[in-house]
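Single-structure report; data block below.
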Amino acid sequence: VELIGPPTNRIKSGLLDTLEELMNQYEYKMDN
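Residues in the sequence shown are numbered consecutively from 77, following my numbering.
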């Protein structure tokens with residue numbers, strides 16, 4: 077997560093990271 081720039085950008089990138097992680101876990105479950 078980028079710690080530079082406005083807090084909103086930090087929150088957005090944090091949410092995007094979390095979303096990506098969730099999608100990866102979901103795809104993993106679908107594969108197995």
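Don't be surprised by glycine CBs; every beta carbon is placed ideally from N, CA and C. A quick note: this is a predicted structure, and the numbers were derived from the prediction, not measured.
Counting only the Cα atoms, L98 lies some 20 Å from N85. Going by C-alpha positions, Y104 is about 32 Å away from P83. Between the C-alpha atoms of M106 and L91 there is a straight-line separation of about 22 Å.
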